[in-house]
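Residues in the sequence shown are numbered from 48 upward in steps of one, following my numbering.
Where is the CB? At the ideal position from N, CA and C, for every residue including glycine.
These numbers come from a predicted model, not from an experiment.
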Amino acid sequence: MFSYVKFIFFEALCQRFICGIGLHSHFFDNDGGWNGIEEGHEDTICNIDIENGLISQERFLSVYASVKPVILRNVTNNELFRYLVGKQRLLELYGDTSVRLSSTNSYSYAKVDVTLENYIHTAINTCSSSSFANETYYFFGDALSAELLELLSAYKRPPYDVPGMTPAASFGIGGVGSGVPFHFHGPGFSEVLYGLKHWLLYDPKSKPSFHPNRTSIYWYHNVYPNLEEFEKPLECTISPGDILYFPDRWWHSTLNLENCVFVSVFLAEY
């Protein structure tokens, strides 16, 4: 059966190559219909290495893979996938699809199933510093349906590998002020399709001070300002098209400064 995702791709390619319409200037909504910004966070520190353009696999392995985070720019072209995850198109295609939300505490124990439409219209509410993480829910790719897995198959992952590990992609949407508190796991990549996402990272030997049931926005507003310079994390805000790579077991927390659509590629041992 010729799927709707494939049909949209065919239509987009026709617009691009047959009708001569440029994707950047004519084909995309600038923000895909995803709106909202938390005022006061537009200008943020960035002290993470940035590689603009393709680097070799050898450089990725020697400089970053097990050493430190890096922001990769202009290494993939996900224009068509970005088109597919515009807000209105997602609602039209997948509004009735069930998605699994996870609580945003460090261990994400609690799960709730809702329709994607219900999440986007009601559960994606802006988070505040007073919210508790174990009472706040977030869609970041847990137990994706077959329909959303098909959509995710259109995503082009970063062209880098870590030996002995296999990639698994995950799709997520977060409202303004949402995110996850500090936690760690295996290495991975995270690309923003729409919105702005602020990352905070510590190396495995430098566990940050945090409460697992307090939100990342609480930590950013109430703990971060009181840190000494030597206690502050590596951090940066990534924009659409940026990909952040984090090595194995690095502590990290995220804060969505705008409604944010993103794909994460997690790496796990074979």
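The alpha helix (DSSP H) that contains residue i, what's its start and end?
{"i": "Asn269", "result": "Ser263 to Asn269"}
{"i": "Phe128", "result": "Glu126 to Leu131"}
{"i": "Ala193", "result": "Ala193 to Leu199"}
Give the DSSP-derived three-state secondary structure of residue i in the structure shown.
{"i": "Val110", "result": "helix"}
{"i": "Glu92", "result": "Per the sequence shown, residue 92 should be read as Ile rather than Glu. Coil at Ile92, not helix or strand."}
{"i": "Val308", "result": "strand"}
{"i": "Phe236", "result": "strand"}
{"i": "Thr231", "result": "Checking the sequence shown, residue 231 turns out to be Phe, not Thr. In this structure, Phe231 counts as coil in the three-state DSSP scheme."}
{"i": "Leu318", "result": "In the structure displayed, the chain extends from 48 to 317; residue 318 sits before or after that span and is not available."}
{"i": "Ala315", "result": "strand"}
{"i": "Asn77", "result": "coil"}
{"i": "Asn181", "result": "helix"}
{"i": "Asn273", "result": "helix"}
Any idea if residue i is buried or exposed, counting beta-carbon neighbours within 10 angstroms, 16 or more meaning buried?
{"i": "His73", "result": "For His73, the predicted model reports a pLDDT of 37, less than 50, meaning its position is unreliable; a value from the coordinates is still stated below. It counts as exposed."}
{"i": "Val308", "result": "buried"}
{"i": "Ser319", "result": "This structure does not reach residue 319, given that the chain is present from 48 up to 317, and the question cannot be answered."}
{"i": "Val159", "result": "exposed"}
{"i": "Glu305", "result": "buried"}
{"i": "Ile118", "result": "buried"}
{"i": "Glu276", "result": "exposed"}
{"i": "Pro287", "result": "buried"}
{"i": "Gly79", "result": "buried"}
{"i": "His168", "result": "exposed"}
{"i": "Thr348", "result": "No statement about residue 348 is possible, as the shown extent of the chain runs from 48 to 317 and does not include it."}
{"i": "Leu196", "result": "exposed"}
{"i": "Leu248", "result": "buried"}
{"i": "Glu278", "result": "exposed"}
{"i": "Asn94", "result": "exposed"}
{"i": "Glu85", "result": "Residue placement at Glu85 is poorly supported in this model, since its pLDDT is 45, which falls under 50; the coordinates still yield a value, given next. Buried, by the Cβ-count rule."}
{"i": "Tyr154", "result": "exposed"}
What are the boundary residues of the beta strand (DSSP E) that residue i is part of?
{"i": "Lys134", "result": "No beta strand (DSSP E) contains Lys134, which is instead part of the alpha helix (DSSP H) from Lys134 to Tyr141."}
{"i": "Cys283", "result": "Leu281 to Ile285"}
{"i": "Asn303", "result": "Trp298 to Asn303"}
{"i": "Lys244", "result": "Lys244 to Tyr249"}
{"i": "Asp189", "result": "Tyr184 to Asp189"}
{"i": "Gly219", "result": "Met212 to Gly221"}
{"i": "Phe293", "result": "Ile290 to Phe293"}
Should residue i be listed as close to the ligand ADP, given that the test is whether its C-beta is under 7 Å from any heavy atom?
{"i": "Tyr265", "result": "The ligand ADP is not part of the structure shown, which contains no ligands of any sort."}
Quick check on residue i - is its C-beta less than 8 Å from some C-beta in chain D?
{"i": "Gly219", "result": "Considering every chain present, this structure includes no chain D. It has just one protein chain."}
Worksheet item: Is there contact between the segment 213-225 and the segment 181-191, where contact requires at least three CB pairs shorter than 8 Å?
Response: yes
The segment 308-317 contacting the segment 231-240, beta-carbon criterion three pairs below 8 Å: yes
Q.
Please give me, in chain order, every unbroken run of the beta strand (DSSP E) with length at least 3 that falls completely inside the segment 149-178.
A. 158-162
message = If contact is defined by three or more beta carbon pairs under 8 Å, each pair taking one atom from either stretch, is the segment 201-212 in contact with the segment 248-257?
response = no
Count the CB pairs spanning the segment 110-124 and the segment 281-292 that are closer than 8 Å, and state whether there are at least three.
yes
Kindly confirm or deny that the segment 130-147 and the segment 294-303 touch, where touching means at least three C-beta pairs closer than 8 Å. no
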